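Trainee: Okay, handing you the structure first.
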Amino acid sequence: AVKEAKEAEEARRAEEKRLEKLSPQEREAEEREAIKKENAELTGKLKRMELEQKASAKLAEKKLPGGLSEFLDYTDEARMAASLEKIGAMYQEQLETGIKERLKGTTPKGLGGAASLTDGMISAEIQKRIRGGL
């Protein structure tokens, strides 16, 4: 950490010396370029933050976990929306597969023995009750 700090300080001093040697016009041009570069970086960060907020809102709207936002493409709004749809569909598919796998071979508790009845058995029982007067 100390070595890195020394290197950063040396780089800063070297940059100051270099700027001292430049003419006022050159120095002004470099400062303008630095400001443009910083402006572009900040604009990019702002756009990304806006897209992240929109993605979080859409994830919540679709009742998907917020953690999925880490895997979205925030290059622009169209790519963000496309990646959101794709990841959302994949998540739902995996969720359904997992649920089906867990329920495979078991009768849901609310059905009791009704799940083992066949259509023929049900219609026979209905006819029996109709003939018998309920």
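In the UniProt record's numbering, the protein residues as written are 1 to 134.
Using N, Cα and C, we set each Cβ at its ideal position, and we do this for glycine too.
Treat the numbers as computed from the prediction; the structure is a model and nothing was measured.
Just to confirm, is the Cβ distance from Met80 to Leu42 under 7 Å?
Mentor: Cβ atoms of Met80 and Leu42: not closer than 7 Å.
Trainee: Using the beta-carbon count (16 or more within 10 Å), is Ile87 buried or exposed?
Mentor: Counting Cβ neighbours within 10 Å, Ile87 comes out buried, since at least 16 surround it.
Trainee: Which stretch, first to last residue, makes up the alpha helix (DSSP H) that contains Pro24?
Mentor: Segment Pro24 to Glu61, the alpha helix (DSSP H) holding Pro24.
Trainee: Taking its Cβ as the centre, do 16 or more other Cβ atoms sit within 10 Å of Ala55, making it buried, or is it exposed?
Mentor: Burial call: buried.
Trainee: Note the first and the last residue of the continuous alpha helix (DSSP H) segment covering Tyr74.
Mentor: Run containing Tyr74: none; DSSP gives neither H nor E here.
Trainee: According to DSSP, is Ala1 part of a helix, a strand, or is it coil?
Mentor: In this structure, Ala1 counts as coil in the three-state DSSP scheme.
Trainee: Suppose contacts are defined by Cβ-Cβ distances below 7 Å. Is Leu84 in contact with Leu72 by that definition?
Mentor: Yes, Cβ-Cβ distance for Leu84 and Leu72 is below 7 Å.
Trainee: If we count the other Cβ atoms within 10 Å of its Cβ and call it buried at 16 or more, is Ser23 buried or exposed?
Mentor: Answer is exposed; the Cβ neighbour count stays below 16.
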